[in-house]
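Numbered according to the numbering used here, the sequence shown spans residues 2 to 258. Inspection log for the structure reproduced underneath, given as structure tokens.
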Amino acid sequence: MKDRKLILVSNDDGVDAKGLKHLVEIAKKFGDVFVAAPEREQSGKSHSINLGEPLRVRRIEREDGVKFFAIKGTPVDCVKLAINQLVPRKPDLMLSGINHGSNSAVNVIYSGTMGAAIEASLYGIPAIGFSLLDHSKDANFDLIDENADIIIKDVLENGLPYQVSLNINYPVIDKKDFKGYKICTQTKGVWKEEYEKRHDPYGREYYWLTGEFTNHQLDNPETDEWALKNNYAAIVPTKIDFTEYNTIEILKSRLKV
């Protein structure tokens with residue numbers, strides 16, 4: 002039908018991820034779905050793209066009418082290729098996820114899930130990234146299955162400001178304890194990283210990244226980390242503009258330029 006919405010779906014956990022399958026089923030309720038997702042897991046790829054390498058596409062046949070493309074590339078590669086080559090027109094909405102693991106706080110800058118959503122927003126396409134704070138491959142997505150519709154419906158009807166996307170994270174809790182959505186700011190904090198020195202079976206040295214997040218705003222109820230710890234799903238409006246506007250006048254004054 003002419004008035005059916007075109008919805009592009011991607012992720013960073015790869016085409017076989019359980020979270021992607023759940024998001025496709027959610028998206029099918031709202032329009033014609035095109036999936037362009039990485040052939041293999043691409044977690045932590047942020048906004049990276051492949052340069053000087055071919056993007057190979059494998060078409061997956063489905064009986065439900067969903068057009069499904071597995072792409073040998075990053076999440077942003079998938080979105081760029083889909084918008085420019087694989088979908089018949091500009092999508093009405095882009096959905097990314099559902100990510101297996103958190104993309105709250107500073108995690109967002111490393112996230113391939115949000116990289117895909119932000120890339121779509123650069124084209125003026127309303128985009129939403131969904132994440133669940135559970136890294137397991139068999140995570141339970143019932144909470145998102147039952148609560149994502151209200152957000153998707155609103156964005157389809159009202160849109161988002163130009164080049165703004167939504168970063169939505171859900172806690173891992175019993176559905177009866179869910180308090181709903183909370184509009185938040187991104188929590189200020191850093192990862193305290195450690196690199197463990199290890200040796201492979203051949204005695205060769207390598208390093209393995211570990212660490213934990215240090216929250217600099219523990220008691221701030223406006224932040225996404227606070228919301229998640231208090232049984233809310235956190236919605237953070239996100240944009241790509243890295244300009245620190247408050248510092249412009251300070252530097253002009255200091256540098257006399």
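All residues carry an ideal CB built from backbone N, CA and C; glycine is no exception. None of the values given here were measured: they were computed from a predicted structure.
Going by other Cβ atoms of all chains shown within 10 Å of its Cβ, with 16 needed for buried, is residue i buried or exposed?
i      : result
His200 : exposed
Val258 : exposed
His23  : buried
Asp150 : exposed
Glu273 : Since the displayed the chain opens at 2 and closes at 258, residue 273 lies outside it and no answer follows.
Met2   : With a pLDDT of 42 at Met2, under the threshold of 50, the modelled position of that residue is not reliable, and no figure is offered here.
Ile61  : exposed
Ser47  : buried
Thr211 : exposed
What residues in its chain sit with their C-beta under 8 Å from that of residue i, if we drop five residues either side in the sequence?
i      : result
Ile241 : Ile119, Ser122, Leu123, Gln164
Lys6   : Phe31, Gly32, Asp33, Asp93, Leu94, Leu157
Gly160 : Pro127
Thr244 : none
Who are the near neighbours of residue i in its chain, counting only those whose CB is closer than 6 Å to its CB and skipping five residues on each side?
i      : result
Ile184 : Ile236
Val80  : Ser11, Ala117, Glu120, Ala121
Met115 : Asn104, Val109, Gly130, Asn168
Ala128 : Met95, Ala118, Ala121, Ser122, Ser166
Taking 9 Å as the CB-CB limit, is residue i close to chain D?
i      : result
Gly113 : Looking at the structure shown, chain D is missing, and only one protein chain is on hand.
Take residue i and list the residues in its own chain whose beta-carbon comes closer than 7 Å to its own, dropping the five residues that flank it on each side.
i      : result
Val25  : Val10, Val34, Val36, Val67
Thr248 : none
Phe214 : Ala106, Gly190, Trp192
Ala228 : Lys183, Cys185, Ala235
Pro202 : none
Tyr233 : Lys180, Gly181, Tyr182, Lys183
Mind reading off the beta-carbon distance from residue i to residue j? Whole number of angstroms is fine, and I expect it under 8 Å.
i      : j      : result
Gly113 : Gly45  : 7 Å
Leu144 : Lys176 : 6 Å
Gly20  : Gly74  : That pair is no contact at about 19 Å.
Ile27  : Asp155 : With a Cβ gap of about 14 Å, Ile27 and Asp155 do not count as contacting.
Glu42  : Asp78  : That pair is no contact at about 14 Å.
Ser49  : Asn100 : At roughly 16 Å, the Cβ-Cβ gap does not stay under 8 Å, so Ser49 and Asn100 are not in contact.
Arg188 : Asn216 : Per the sequence shown, residue 188 should be read as Thr rather than Arg. With a Cβ gap of about 6 Å, Thr188 and Asn216 count as contacting.
Based on DSSP bridge pairs, tell me the residues matched to residue i.
i      : result
Gly113 : Partner(s): none; Gly113 has no beta bridge.
Asp33  : Leu7
Ala71  : Ala38, Arg59
Ile184 : Ile236
Ile255 : At residue 255 the sequence reads Arg, which differs from the Ile that was named. Its beta-bridge partners do not exist; DSSP assigns none.
Ser122 : According to DSSP, Ser122 bridges with nothing at all.
Thr215 : Val191
Should the region 197-216 be regarded as contacting the region 164-177, the criterion being three or more beta carbon pairs within less than 8 Å? no
Assess contact between the region 36-43 and the region 57-75, defined as three or more Cβ pairs (one per stretch) separated by less than 8 Å. Is contact present? yes
Just checking, does the region 136-153 make contact with the region 52-63 on the three C-beta pairs under 8 Å criterion? No, the region 136-153 does not touch the region 52-63.
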